[in-house]
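Protein chains in written order, with my numbering: chain A, 140 to 336; chain B, 140 to 336.
Where a beta carbon is used, it is the ideal one built from N, C-alpha and C, also for glycine.
Okay, structure first, notes after.
This is the structure we're talking about:
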């Protein structure tokens, strides 16, 4: 049984809710996974005591925001503020797919990545998917968990019917993303205005 | 009176609905506009017989999708399919800001640009804004309308409290976007997987 289907992982307290249905992940076609895994790891079996699943309303207490501080600035966020944003995202239904990896032996979130779906009128009224906010906690690096997260999100983007999936990354991560089929878009410049950190 | 506030522009038939409230645009602070305009043009006064406003449910009949074909592939889209996507976007409330420029003398949509707001947990539970799908119809180019569209969207992104606004563009458009404060992000690579056109 894959971790995502594990009852222990799914129902950790009565009040917890997932950002989206775990079936979205368990229904992915494993033939679409592209990562080259060692040691019996796969997206649905990321390792002993590790579980890949949707973000849950209970993950505030499992260090989800602490993990994000390993990626960038988060700030001092109360549980209410977290839950307010969580339920706004959840209300959208089919827009935010945040997945996490939990270390069940420590009740800690140790990896996360987000797929955002943007509805379009162009390209046959389809959608565009984006990979955002990918991070694996320092002590868990080297365990193929970044690969697990990306493989799930890329499969998901295909399943959602998006005409493309994209991301921005630093130079040293280009090779990592190429294994999933990402290519540098020719002559495309990424530009931004930063208002605050 | 600015075009956006014009009743003629606002109520073109009883059944039309805007994607978002026109007040979102009229309430923008004009001191934030950055484009260098000639001939008395400004974001809220884009020219004689021209009106900048939110996308409307009636714009299917005003050539909105025809305009998008000048940008990329759209496909053969029925009115029902258009309206279905329109109302899905509208239901999100604060996610999709598609603005259009209408030539009121021809009842034609001749320019459009989209601001998409992505909610985040990072950066103090704020949001990230993206400029998407910018196009001005061929015969209306050179009339500063791209500037009008971008100025409105950049102002809007600031007002929405996003920590940054970003876009991807071809090399020849870099200079155009720089006038609004966009900078090339150092060492950032834009990568994608294309599933279909």
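Beta-carbon within less than 8 Å of residue i's beta-carbon, same chain only, minus the 5 sequence neighbours each way: which residues are those?
i	result
residue 148(B)	For residue 148(B), the predicted structure reports a pLDDT of 49, less than 50, and the residue's modelled location is therefore unreliable. The matter cannot be settled from this model.
residue 220(A)	none
residue 169(A)	181, 182, 183
residue 290(B)	172, 173, 174, 182, 319
residue 316(B)	289, 306, 308
residue 164(A)	143, 183, 191, 192, 193, 238, 291, 295
residue 154(A)	196, 197
Check whether the Cβ atoms of residue i and residue j lie closer than 8 Å to each other.
i	j	result
residue 330(B)	residue 252(A)	no
residue 297(A)	residue 231(B)	no
residue 237(B)	residue 321(A)	no
residue 287(B)	residue 182(B)	yes
residue 206(A)	residue 216(A)	no
residue 295(B)	residue 210(B)	no
residue 307(B)	residue 223(A)	no
residue 162(B)	residue 195(B)	no
residue 263(B)	residue 214(A)	yes
residue 310(A)	residue 326(B)	yes
residue 201(A)	residue 247(A)	yes
Cβ closer than 9 Å: which chain B residues qualify as neighbours of residue i?
i	result
residue 224(A)	258, 259, 260, 264
residue 292(A)	Simply none; closest approach about 11 Å.
In chain A, which residues lie with their C-beta within 7 Å of the C-beta of residue i?
i	result
residue 214(B)	263
residue 272(B)	261
residue 236(B)	Going along chain A, no residue has its Cβ under 7 Å from residue 236(B), so there is no contact; the nearest lies around 12 Å.
residue 275(B)	None at all; the shortest Cβ gap to chain A is about 15 Å.
residue 255(B)	257
Please list the partners that residue i has in chain B, where partner means a Cβ-to-Cβ separation under 8 Å.
i	result
residue 327(A)	307, 308, 309, 329
residue 279(A)	Near residue 279(A) there are no residues of chain B at all, since even the closest Cβ is about 19 Å away, more than 8 Å.
residue 320(A)	332
residue 207(A)	260, 261
For residue i, go through chain A and note every residue whose CB falls closer than 8 Å to its CB, in chain order.
i	result
residue 301(B)	334
residue 220(B)	264
residue 324(B)	307, 329, 330, 331
residue 211(B)	261, 262
residue 204(B)	260
residue 304(B)	331, 332, 334
residue 316(B)	330
residue 229(B)	Those do not exist, as residue 229(B) stays about 11 Å from chain A at its closest Cβ, beyond 8 Å.
residue 313(B)	328, 330
residue 297(B)	334
Taking Cβ-Cβ distances shorter than 9 Å, what residues in chain A pair up with residue i?
i	result
residue 241(B)	By Cβ distance, chain A contributes nothing, its closest Cβ being about 16 Å from residue 241(B), past 9 Å.
Assuming residue i and residue j make a contact with CB atoms under 8 Å, what is their CB distance in whole Å?
i	j	result
residue 173(A)	residue 293(A)	7 Å
residue 256(B)	residue 268(B)	6 Å
residue 239(A)	residue 254(A)	Not a contact, Cβ separation roughly 13 Å.
residue 266(B)	residue 301(B)	5 Å
Apart from the five residues on each side of it in sequence, which residues of its chain come closer than 7 Å, Cβ to Cβ, to residue i?
i	result
residue 282(A)	186
residue 336(A)	212
residue 284(B)	185, 240, 250, 275
residue 188(A)	242, 243, 244
residue 145(B)	Caution applies to residue 145(B), whose pLDDT of 46 falls short of 50 and renders its modelled position unreliable; the value that the coordinates give is listed next. For residue 145(B), where only same-chain residues beyond five positions count, the Cβ hits under 7 Å are 190.
residue 258(B)	266
residue 279(B)	249, 250
residue 299(A)	256, 266, 268
By Cβ distance below 6 Å, which residues in the same chain neighbour residue i in space, the five residues on each side in sequence not counted?
i	result
residue 140(B)	With a pLDDT of only 32 at residue 140(B), under the threshold of 50, the placement of this residue in the model should not be trusted, and no figure is reported.
residue 229(A)	158
residue 234(A)	256
residue 179(B)	none
residue 199(A)	218, 221
residue 260(A)	none
residue 225(A)	196
Applying a beta-carbon distance threshold of less than 7 Å, which residues of chain B neighbour residue i?
i	result
residue 184(A)	Simply none; closest approach about 24 Å.
residue 286(A)	Within chain B, no residue comes near residue 286(A); the closest Cβ sits about 16 Å away, beyond 7 Å.
residue 289(A)	Result: empty, since nearest Cβ-Cβ is about 11 Å, beyond 7 Å.
Between residue i and the ligand GDP, is there a pair consisting of the residue's CB and a ligand heavy atom that are separated by less than 7 Å?
i	result
residue 235(A)	Only the bare structure without any ligand can be found here, which leaves the ligand GDP out of the picture.
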